[in-house]
Every structure is written in structure tokens, then in C-alpha cells.
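Per the working numbering, residue 13 is the first one in the sequence shown, and the count goes up by one each step.
C-beta: ideal position from N, C-alpha, C; glycine also.
Here is the structure we will look at.
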Amino acid sequence: MPACQPSARLNELTLDRNIPVSATIELTRRCLLSCRHCYLPETRGRARPGRELNTAQWAGVLRQLARAGGLYLVFTGGEPLLRPDLAELCRLAKALNFDVRVFSTGLGLTAGLAEELRGAGVSGFEISFYGRPAVHDRITGLKGSFRRSLAAARLLRKAGVKVKMKVPLMTLNAGQAGWLERLSGAEGFGLSFDPVVTPANDGGRAALSYRLSGARLAGALKGLPQASPGLEKAAAATAASAPDLLCGAGRNVCAVDPAGNLYPCLQLPIKLGSLSRRNFSSIWRNNAWLKKWRKAGIKDLAVCSVCPDLEFCSRCPGISLIEEGDVFAPNKPACELAAALRKKSGSA
13 MPACQPSARL NELTLDRNIP VSATIELTRR CLLSCRHCYL PETRGRARPG
63 RELNTAQWAG VLRQLARAGG LYLVFTGGEP LLRPDLAELC RLAKALNFDV
113 RVFSTGLGLT AGLAEELRGA GVSGFEISFY GRPAVHDRIT GLKGSFRRSL
163 AAARLLRKAG VKVKMKVPLM TLNAGQAGWL ERLSGAEGFG LSFDPVVTPA
213 NDGGRAALSY RLSGARLAGA LKGLPQASPG LEKAAAATAA SAPDLLCGAG
263 RNVCAVDPAG NLYPCLQLPI KLGSLSRRNF SSIWRNNAWL KKWRKAGIKD
313 LAVCSVCPDL EFCSRCPGIS LIEEGDVFAP NKPACELAAA LRKKSGSA
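Printed below as a string of C-alpha cells:
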């Protein structure tokens, strides 16, 4: 990504100054689906959804994030549509000058709510799709869920809200990419693919059996439609925009769980502190783990720093921590994806 581009310059400045420009807000762990690959143990019935901040408490968190320099905000879950105050929180976030997006299944959306969310300033919805209806429903564990998610996406499009279809690529939906590309084109939706399946927050690894690896991963990437170059762009941006940084987590990215606990990001399960008890800026500036983390760089990645696939790597330290017990360790999905992307690019 050329340094002259505003987005690259913003990323560079916020990384350098540790400004939390992007925040992900996990409003709830409740969900109507029980997707086989989900990293939340609550959706798989292994844990009960815990306490959630109320509207006033979330409003306080949003104001703190705005004062700290936040610009981009994602509301996610679980299913954020299960929160009756979702539109109110979106409206408040927009008033605080955030760009607001929602990650959702779409289940529970009505035409009236779609209009309300557009009026609240939501810039986009990202909804997961897995393939043809039978494949989709088998993965989500709910019959009719494809139909309901597609209906929600159409309501949002009609209301004037941009919709992106997010497609996790797994053994469970191998071969569905082309059909989904045609569907997104016919419906006027955006489209992105992600071949990384992660362990669960409680350490469960059952979902890893669905992870594409080796030849199957290479084959899936080779066959991806034109919507897939985002994989290469994301990896290239990681290497080009911040060559001495592990990632933006805890540097210019943060996340908050339903109870108000602050994390470097949702994929890096290091609890930094409670926003119910302490001010965001106090935690963000003074947390001992963050101070150490921000001094780290590619020099601390003994194996990765000399890897021939580094240019194509979008390594997640959260996956390294959960799978390998060390944020600085290589992790298998990143290594395999980088190698496959290098081969796809034609590099030697």
C-alpha cells in the first residue's frame, strides 16, 4: 500500500502514537445460531452468556473511545440484533463521528429496523454466508437460516445500507465460493473470503477439524473468484504498512466484550482491564502488558523474521497464543496461508 494514500498514512500515525482508531464492540454473546466453527463457547452451549453492559454504560464506553481518537467502530456479537438498543447505540456512535458497521447473522431484522439503522448512520452490515441453503443451514444448525439471512440482507440493501457477504472457507463448504460469488453479484452485495478457522475462546479445538490446510487450502485459493484478492491485499498491507510490528492489536486496535472488559482485539484474549471500573485512557496508557507489547516487533519473531513467505503473511498473534502458547510463535494456519498465497502470486 503506497505511503501517500490517506488510509496508509492514518495507519502509520495511529500505530506510532498508539491511538485506538478502530474498536470492536461485542454487545452480546447470545445468538440464535450454533455454527459449528464458532469460537464463542456460548453459542455451542459450553457456557452461559454472562453479564452485558446496559445502554447507559455502553454510551459511556463509546464516549471514552471517541475522546481517545477512535474513528471506526464495529458492533458484533453473538448477535447484536438481539440487543433492543442496537439502533440507539449506532445513533450515538455516529453522533460521536464514528464510522459504524455491524457484523450480524441478520436474523431478527425487520424492514422497520433496517430503516432505523440506516437513519442511525450505519455505513455497512457484514453477514456470514456459507453456501447454498442446505450447506448454510447445516453449518449454522438452524433450518431456514439461509433464507432468513438473505431476506435480511435484501431489507438492508433496500433501505440503503451496504451489505457484504462474509464467507469463512472450510471443509464444510468447500466448492461453494463460485456459487456465492454469483449470488453476491446478482444481489448487489460485497463479498469477502476468509480461510482461517480459529480455536474457541475456552481453548476448544473441535472447529479446527474444519480448517482447510495443505493442498486443499492451495486449491481453494487457486479457485477463488475475483472477489478474493483482498486476501493478498490484506497480507501485503500487513507487511508493507508496518514492517516492524506484529499487528495493530493493542496499538491502534482494541476490543470490548459484553461485560466491558478491554482487550487488544477479540482474537487476542488478553484481558487488559474493566471499563466498568477504570477509565479507558488509564488502561490504554498504563497497562503493563500493553507497554511491553508495543515495544515488540518482527525482531522478536525468531522464526518468522527469516521466513521466505513473510511478505504474504497475515499472522495472528492471538491464534499463536491459543494454539502455541506464545504470541511470538508461528502458527500453522498463517504459515500455510502465506505459502499458498506466495504460490498463487507466482513468486519463486
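Discussion item. Please list the terminal residues of the continuous beta strand (DSSP E) segment that includes Lys-178.
Written reply: Along the sequence shown, read from residue 1 onward, the residue named residue 178 stands at position 166. Start and end: 174 to 180.
Worksheet item: Is Cys-328 near Gln-279, with beta carbons less than 8 angstroms apart?
Response: For the purposes of this step, residue 328 is identified with residue 316 of the sequence shown, where counting begins at 1. For the purposes of this step, residue 279 is identified with residue 267 of the sequence shown, where counting begins at 1. Yes, they are a contact pair.
Fill in: Sequence-distant residues of the same chain with beta carbon closer than 7 angstroms to Pro-145, five excluded per side
Walking along the sequence shown from the start, residue 145 turns up at place 133. Phe-158 and Arg-159, listed in sequence order.
Discussion item. Can you tell me where the alpha helix (DSSP H) holding Ile-139 begins and where it ends?
Written reply: Position 127 of the sequence shown, counted from the start, is the residue given in the question as residue 139. Here Ile-139 belongs to no alpha helix (DSSP H); instead the beta strand (DSSP E) covers 134 to 140.
Worksheet item: Quick one, are the C-beta atoms of Leu-236 and Phe-205 less than 8 angstroms apart?
Response: Counting from one through the sequence shown, the residue named residue 236 turns up at place 224. Counting from one through the sequence shown, the residue named residue 205 turns up at place 193. Contact annotation: Leu-236 and Phe-205 have beta-carbon atoms nearer than 8 angstroms.
Worksheet entry | Boundaries of the alpha helix (DSSP H) in which Glu-38 is found, first to last residue | Taking the first residue of the sequence shown as 1, we reach residue 38 at position 26. Unbroken run through Glu-38 is the beta strand (DSSP E), 34 to 38; no alpha helix (DSSP H).
Worksheet item: To the nearest angstrom, how far is it from the Cα of Thr-88 to the Cα of Tyr-51?
Response: Within the sequence shown, residue 88 is the residue found at index 76, counting from 1. Within the sequence shown, residue 51 is the residue found at index 39, counting from 1. Going by the C-alpha atoms only, they are around 13 angstroms apart.
Worksheet entry | Same chain only: Cβ atoms within 8 angstroms of Gly-226, ignoring 5 sequence neighbours per side | By 1-based counting over the sequence shown, the position of residue 226 is 214. Annotation for Gly-226: Glu-348 place their beta carbon closer than 8 angstroms to its own, counting only its chain and skipping 5 residues before and after.
Practice prompt. Scan the stretch 272 to 313 and note each continuous beta strand (DSSP E) run of 3 residues or more that stays entirely inside, going in chain order.
Written response: Entirely contained in the stretch 272 to 313, the beta strand (DSSP E) runs reaching 3 residues are, in chain order, 273 to 275.
Worksheet item: Terminal residues of the continuous alpha helix (DSSP H) containing Phe-324?
Response: Stepping through the sequence shown from its first residue, residue 324 is reached at position 312. Counting along the chain, Phe-324 falls outside any alpha helix (DSSP H), and DSSP gives it neither H nor E.
Worksheet entry | Contacts around Lys-344, its chain only, beta-carbon distance under 8 angstroms, and the 5 residues preceding and following it disregarded | Sequence index remark: in the sequence shown, residue 344 carries index 332 (1-based). Contacts found: Ser-225 and Glu-335.
Worksheet item: Rounded to the nearest angstrom, how far is the Cβ of Asn-291 from that of Gln-76, given a contact under 8 angstroms?
Response: By 1-based counting over the sequence shown, the position of residue 291 is 279. By 1-based counting over the sequence shown, the position of residue 76 is 64. Contact holds; Cβ gap of about 7 angstroms.
Item to complete: Return the residue from the list Gly-143, Asp-338, Cys-319 and Ile-310 that minimises the CA-CA distance to Leu-203.
Response: For the purposes of this step, residue 203 is taken as the residue at position 191 of the sequence shown. Put simply, of Gly-143, Asp-338, Cys-319 and Ile-310 the residue whose alpha carbon is nearest the alpha carbon of Leu-203 is Gly-143.
Worksheet item: How big is the Cα-Cα spacing for Gly-330 and Lys-283?
Response: Sequence index remark: in the sequence shown, residue 330 carries index 318 (1-based). Sequence index remark: in the sequence shown, residue 283 carries index 271 (1-based). Here the alpha carbon of Gly-330 sits roughly 12 angstroms from the alpha carbon of Lys-283.
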